[in-house]
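One structure is given below, encoded as structure tokens.
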Amino acid sequence: MGATPADPERTESQRPVGTTPRPVGTTPRPDTPCVAVCSTTFDEICRGCGRTVAEVSQWVVMSAEQKEAVWERILAQGYPRRNT
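My numbering puts the first residue of the sequence shown at 20, with every later residue one more than the last.
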């Protein structure tokens, strides 16, 4: 049958648009951690998603591995946050 999102045989071109690769058996994340609560008023970290200003501006050109590293860091720090 067809490949599933967690299928290790799925190629980059077959991955659903807007998802970041994840280990087998896990749900794909959205492509961006943005929660539309953007604020970098007091420092270089967005209060909504936890990314740095540079990460936000470079997100569209980052590799899947770079995005995954950012996801891991921000999740460990308790982001993304909708109610900040």
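C-beta atoms are modelled at their ideal positions from N, C-alpha and C, and glycine is treated no differently.
Specify the secondary structure class of residue 48 as computed by DSSP and reduced to three states.
-> DSSP places residue 48 in strand when its eight states are reduced to three.
According to DSSP, residues forming a beta bridge with residue 60 = According to DSSP, which records beta bridges pairwise, residue 60 is partnered with nothing at all.
Excluding five sequence neighbours on each side, which residues of the same chain lie with their C-beta closer than 7 angstroms to the C-beta of residue 72?
-> Excluding positions up to five away in sequence, the list reads 59 and 63.
Do the CB positions of residue 49 and residue 93 come within less than 9 angstroms of each other?
-> Not closer than 9 angstroms, so no.
Throw me the rounded Cβ distance for the residue 67 and residue 80 pair, which I believe falls under 8 angstroms.
-> Your pair residue 67 and residue 80 does not check out as a contact, with CB atoms roughly 21 angstroms apart and the cut at 8 angstroms.
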